[in-house]
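Using mature numbering (1 follows the signal peptide of the UniProt record, and there is no 0), the letters of the sequence shown map in sequence onto residues -22 to -1, 1 to 316.
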Amino acid sequence: MKRSWLGLAVVMLSGFSLQAQALESQPVQRAPLTESIQLDGVIEAVRQATVSAQTSGQVRRIHFDVDDAVAPGQVIVELNDTEQRARLNQAEAGLREAEAGLNDARQNFSRVEGLVQRELAPRAQLDQARNQLNAAEARLSRAQAAVAEARQQLAYTRVIAPYGGIVTARHVEEGASVNPGQPLISGLSLEELRVVVALPQRYAASARQQREAQVMLMDGRVLETDGMTFYPYADPATHTFRVRMNLKNPEGDLFPGMLVKVSLPVAERSALWIPSAALVQRGELRAVYVLNAEGQPRLRQVRVGSRANGQIEVLSGLGEGELLVLNPAAALARLEAE
C-alpha cells in the first residue's frame, strides 16, 4: 500500500514539474520598419573612354588587344613618326636661325647705341636698330613655339593610356592611316564602378531623403553603395529619374553591363516584429504560440509581411504587449502533456 502511494506521488510531482517549467517568452513590441522597393540596375564603369589620334600618320604598332590589361602611362599605339620628326628638325633649324638673328640684332643695337651716345650716329638709326631687335625677339618666340608644337606632334605619335584598365575595342589595325580625331582604342577601368537605375517618379522625393541603397548580386551577395547622384530631370518617355550609385569591387568580379537588383528605402512606418524562429508554418498556415492569462500556450494564427535580419513583421493576429513563446517545440510539448 505504501509503494502505491509512493508511485502516485512520483507521477504527480513529475507532472507538476512539467507544468511549473516556465516557457521562454517575450512581449510583442513595435519597431520601425523601412519599406523598400527593388529595381533592376546595370553596372557601368566610371572611367570609360575611347582614345583617338591627335596627329596624322600610319599605325606602326598596336601593343594591346581586346581584354588586355593596360597600366596607366603605357604606350598603347605607335604611329609612324617620319613626318613629325622632319617637322621637328625643320623647327629646330628655324630656332637656331632665330637665335643667331637675335644675337646679331643685340650686337647691332649695342653698337648703334654707343655711336648715338657719342653723337656719331643719328637717333633715327638707334630707333631702327631697336625695331630690328624687337623683330628678332618676335621671330625667336615664334620659332620656340614652332619647336614646342613640333615636339608635341611627335609625342602624339606615341598614344599613352590615360589610366589603367581593360581594352574593350580596337578601331584600327596596323598599317592603317589615321587622322586627328579618329578613334583608335576603347577601354575602361574596373577599379571604379557604379550602378544605374531608373527610379519611378513617385519614389523620387523619399529616395532623395533616405539616400541609401543596397545592391544585390545574382549569387545572393549584398553590397553597400557609396554616394548617390540623382539626375535633376525625369526621362520624358518613361517618367523615371536616373540614379547613380558608386560601387566598390573588392573581389574584382564585377563587370560593366551586369544586371543587379537595387533596394532603395522609400518610407518608414511602425510595425510589430517577432523572431523568425517563433513562427510555426504548416502548409499555408502561419501561427505563433501566445501565453494566456494562466501562462498556458495557445496557438494563434497570424498574417505576416516583411522579413529582415531574422525578424518577421506581423500584419494581423497579434497585439502589442502579448507574450510570445520563443520556442514553438516547447510550447507544443506543454500542450501535449496537459
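All residues carry an ideal CB built from backbone N, CA and C; glycine is no exception.
Buried versus exposed, by CB contacts within 10 Å (16 or more), residue i
i	result
A9	exposed
A(-14)	Confidence at A(-14) is low in this model, with a pLDDT of 37, below 50, so its placement is unreliable and the value that follows should be read with caution. Flag for A(-14) reads exposed.
M196	exposed
S14	buried
R312	buried
residue 320	With the chain covering -22 to 316 only, the question about residue 320 has no answer from this structure.
Y181	buried
V59	First, the amino acid is wrong: residue 59 is Asp here, not Val. The residue in question, D59, is buried, as its Cβ has 16 or more Cβ neighbours within 10 Å.
Q62	buried
V193	buried
Y267	buried
A255	exposed
E314	exposed
G159	exposed
Residues sharing a beta bridge with residue i, DSSP
i	result
S3	V303
T203	L225
L269	P275
A176	R220
G143	V48
Q192	E202 and S241
T12	E246
E56	R39 and R136
A212	F219
S30	P161
R74	Answer by DSSP bridge pairing: none, since R74 is not bridged.
E291	W251
Contacts around residue i, its chain only, beta-carbon distance under 6 Å, and the 5 residues preceding and following it disregarded
i	result
A147	S164
F42	V48, I54 and V145
Q16	K239 and S241
T207	R222
residue 318	Summary: the structure shown does not reach residue 318, with the chain confined to residues -22 through 316, and so no result is reported for it.
A249	L11 and E291
Close Cβ partners of residue i (< 8 Å) along its chain, the five nearest in sequence each way excluded
i	result
L166	A23, R25, Q26, A27, G143, I144, T146 and P234
Q103	V90, L93 and V94
N109	none
V29	I54, V55, V137, A139, P140, P161, L162, I163, S164 and G165
CB contact flag (residue i, residue j, <7 Å)
i	j	result
A139	P50	yes
V6	L302	yes
V280	L269	no
A64	V156	no
V244	S184	yes
I290	V173	no
A76	L118	yes
T12	E202	no
V125	A69	yes
L73	A128	no
G19	V200	no
G205	N224	yes
A271	L1	no
A114	L168	no
Q179	H217	yes
Local conformation of residue i per DSSP, three classes
i	result
S184	helix
R39	strand
R117	helix
E170	coil
Y284	Here residue 284 is Ser; the residue named in the question, Tyr, does not match the sequence. DSSP places S284 in strand when its eight states are reduced to three.
F233	coil
Q68	helix
E298	coil
S88	helix
Q131	helix
V125	helix
L(-5)	For L(-5), the pLDDT reaches just 44, beneath the cut-off of 50, and the residue's location in the model is therefore unreliable, although a value from the coordinates is still provided. Three-state result, L(-5): helix.
E151	coil
R108	helix
D197	coil
Other residues of its chain near residue i: CB distance less than 7 Å, five sequence neighbours each side excluded
i	result
R101	V94
E56	R38, R39, T135 and R136
residue 318	Look at the range of the chain in this structure, -22 to 316, and you will see that residue 318 is not part of it.
R84	L111
Minimum Cβ-Cβ distance from residue i to chain B less than 7 Å
i	result
L177	Among the chains of the structure shown, chain B does not appear; only one protein chain is present.
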